[in-house]
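>
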Amino acid sequence: MGAVGGLAVLGVSARWNWWRPRAAGLPILMYHKVGQPPAGSTLKKLWVSVEVFRWQMAYLKRHGYTPLTLRGVAERVAEGRSLPDNGIVLTFDDGYRNNLENALPVLREFGFPATIYIVVNAVGRDNFWHDPSSETRLPMLSWEEVAILRDAGWDIGSHTLTHCRLTRLPLSEAEKEIVESRRILEEKLGMAPVSFAHPYGDGADNGDIRRLIQKAGYATACSVHRGKADVSGSPYCLKRIFVRGDDTRWDFHLHLTRGQARF
Ligand SMILES: [Zn+2]
């Protein structure tokens, strides 16, 4: 290999994880919005186009992955059953209407279920927690639309009431976010949620917050720590794979094999 080729390999190695060994664990993919970012959005990495999303689902099918919900994972773990080889979880944070409009039809094509984390006070409203200078106002799912996802086999989880940073609240307020969101989801959907995701990943490493989540009746909680999840470890700080809007096909392959594409 010439000096130029060697430098190119060094450059690629410094940025991507292709040279790492395959990572063990359950891949839990984290999506937010599916579709085209509106003009004015500066959070474009949180948008995955329908075409890219469909290619990614086809990749999973081609490689024999078995999509599970986090409720399904929790049930299997509680029953002492092992997870299927090539198990994978598809998660959507926040509860955008574009998940119903753009992701559900693709997932129906493939027969894949997903887990969605709802910001309860945003249902039927908009993404009020975003700074409008970084993300335009987007329609969130209504309760009727959340019920459509439930009926399609999606696992409906909590993402708090207000998309707060749990560790910045007094513990009693954090508890309200965790407990009340679960109570309202159960009241509206007739099924108590067992899946939780920490907004911003905040609180996933905090013992007090984890205990509140467990006490409230959740079986799992997802963080935003990157990598594949170790379901034999703490179920209240599960790692995820952040699928970015600008990920290439190679990035997606590295996510699934190495646990993360880049540093
Ligand atoms: Zn979120």
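Heads up: the sequence shown begins at 47 in my numbering, then just goes up one per residue.
No residue lacks a Cβ here, since even glycine has one placed at the ideal position from N, Cα and C.
The model shown is predicted, which means the values in this text are computed figures rather than measured ones.
Taking the straight line between their C-alpha atoms, what separation do you get for residue 93 and residue 269?
Taking the sequence shown and counting its residues from 1, one reaches residue 93 at position 47. Taking the sequence shown and counting its residues from 1, one reaches residue 269 at position 223. Cα-Cα distance, rounded: 19 angstroms.
> Pull up the distance between the alpha-carbon of residue 107 and that of residue 271, whole angstroms please.
Taking the first residue of the sequence shown as position 1, residue 107 is located at position 61. Taking the first residue of the sequence shown as position 1, residue 271 is located at position 225. Rounded to the nearest angstrom, the two C-alpha atoms are 26 angstroms apart.
> Just list the residues that DSSP pairs residue 242 with in beta bridges.
The residue given as residue 242 occupies position 196 in the sequence shown. 204, 267.
> Classify residue 237 as helix, strand or coil using the three-state DSSP reduction.
Your numbering for residue 237 matches position 191 in the sequence shown. Three-state DSSP puts residue 237 in coil, outside helix and strand.
> Under the assumption that residue 161 contacts residue 131 (Cβ atoms under 8 angstroms), give the Cβ distance between them as a whole number of angstroms.
Residue numbering aside, residue 161 sits at position 115 when the sequence shown is read from its first letter. Residue numbering aside, residue 131 sits at position 85 when the sequence shown is read from its first letter. Not confirmed; about 20 angstroms, so no contact.
> Counting only runs of 4+ residues fully inside the segment 133-182, write out the alpha helix (DSSP H) ranges in chain order.
150-156
> Just the Cα atoms here: how many angstroms apart are residue 285 and residue 101?
By 1-based counting over the sequence shown, the position of residue 285 is 239. By 1-based counting over the sequence shown, the position of residue 101 is 55. Approximately 23 angstroms, taken between the alpha carbons.
> At the level of alpha carbons, what is the spacing between residue 205 and residue 260?
Here the question's residue 205 lines up with position 159 in the sequence shown. Here the question's residue 260 lines up with position 214 in the sequence shown. If I take the Cα positions, the gap works out to 14 angstroms.
> Look at the Cβ atom of residue 96, then the Cβ atom of residue 148, and state whether they are nearer than 8 angstroms.
Taking the sequence shown and counting its residues from 1, the one referred to as residue 96 is at position 50. Taking the sequence shown and counting its residues from 1, the one referred to as residue 148 is at position 102. It is a contact, given that the beta carbons lie within the stated cut-off.
> Taking contact to mean at least 3 C-beta pairs separated by less than 8 angstroms, is the segment 212-220 in contact with the segment 170-181?
no
> Answer yes or no: the CB of residue 245 versus the heavy atoms of ligand 1, is any distance below 7 angstroms?
Translated into the one-based positions of the sequence shown, residue 245 becomes position 199. Yes, since a heavy atom of ligand 1 falls inside the 7 angstroms radius drawn around the Cβ of residue 245.
> Tell me whether residue 282 sits in a helix, a strand or coil according to DSSP, three-state version.
Stepping through the sequence shown from its first residue, residue 282 is reached at position 236. If DSSP states are grouped into helix, strand and coil, residue 282 belongs with coil.
> I need the straight-line Cα distance from residue 300 to residue 190, nearest angstrom please.
The sequence position of residue 300 within the sequence shown is 254, counting from 1. The sequence position of residue 190 within the sequence shown is 144, counting from 1. When rounded, the distance between both Cα atoms is 37 angstroms.
> Using the rule of at least 16 other Cβ atoms within 10 Å of the residue's Cβ for burial, across every protein chain shown, is residue 302 buried or exposed?
Within the sequence shown, the letter at position 256 stands for residue 302. Looking at its Cβ environment, which holds 16 or more other Cβ atoms inside 10 Å, residue 302 is buried.
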